[in-house]
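**Q** In the working numbering, the protein residues as written are 21 to 294.
All C-beta atoms, glycine included, are put in the ideal place defined by N, C-alpha and C.
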């Protein structure tokens, strides 16, 4: 197994993942547009790259945790020929997409990578910031078996449950299904708690009641903690909401591509969260 790991994107999810990899003894190269997380990783022995291309040059497995498809394409492919991670990657390297994007984005990256003999694996993660810190994320992986197995020791550092779902893009498809269930439930919980408050029932009492009734769910039991996490997002709660809406829109898009009618995904993907 290669010990040369690259990591691009050190936000709420990416930074704890990179920290755990550094502590596990991997030869880590990191890149982010912000200096603060880079300094923290440097203290743990990581090399701070000046560009995403340098990450590719110094790594055999290159991971990315960025916000959306545009950022994935930017850091992997670059804005002009050769300035992304792929431009610096050697034949046989593996690009790992942790970001929640469309499976089509993953396949677009893979098509470009194949021309250089570089492989792509999608490895969507779930569990929020707390489990990223603890190294207990769920990792949903899509890709060819040999590449997935080459990455498994890395995934097992950041995740407690690692699922090889199937071929390229299927890890991301599983993540979109999970987020459709989780995010729609979170918004339903928020609506119900607002309704309870308007009816004169405290949030604490309503959570206590629903947690031992048919309204119980992970989203209910973690509602206050999730609000706090959203406030810690680099762009505040609005930034966190935008990511949630993006994920639900991607689920609706995947449904349309597969000729499925998904009214809940369509509704929540277009709705302004409260």
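Could you have a look at residue 357 and say whether DSSP puts it in helix, strand or coil?
**A** Only positions 21 to 294 of the chain appear in this structure, which leaves residue 357 out of reach.
**Q** Using three-state DSSP, classify residue 229 as helix, strand or coil.
**A** Note: residue 229 maps to helix in three-state DSSP.
**Q** Return the bridge partner residues of residue 160 from the DSSP annotation.
**A** The partner list for residue 160 (beta bridge, DSSP) reads 144, 183.
**Q** Kindly examine the ligand ADP and report whether one of its heavy atoms sits closer than 7 Å to the Cβ of residue 52.
**A** Among the components modelled here there is no ligand, and therefore nothing to report on the ligand ADP.
**Q** Need the endpoints of the beta strand (DSSP E) that residue 49 sits in, please.
**A** That run of the beta strand (DSSP E) goes 47-51.
**Q** Can the beta-carbon of residue 215 be found closer than 8 Å to that of residue 130?
**A** The answer is no: Cβ separation not under 8 Å.
**Q** How is the beta strand (DSSP E) around residue 114 delimited, first residue to last?
**A** Taken as a continuous stretch (DSSP letters only), the beta strand (DSSP E) holding residue 114 covers 114-117.
**Q** Is the number of C-beta pairs between the stretch 148-157 and the stretch 24-33 that are closer than 8 Å three or more?
**A** At 8 Å Cβ cutoff, the stretches touch.
**Q** Let me know the secondary structure DSSP gives residue 153 once reduced to three states.
**A** Residue state, collapsed to three classes: helix.
**Q** Considering only DSSP beta bridges, list what residue 82 is partnered with.
**A** Partner(s): 26, 115.
**Q** Quick one: give me the first and last residue of the alpha helix (DSSP H) that residue 280 is part of.
**A** Taken as a continuous stretch (DSSP letters only), residue 280 belongs to no alpha helix (DSSP H), as it is neither H nor E.
**Q** What did DSSP end up calling residue 174 once you bin it into helix, strand or coil?
**A** Helix, per DSSP.
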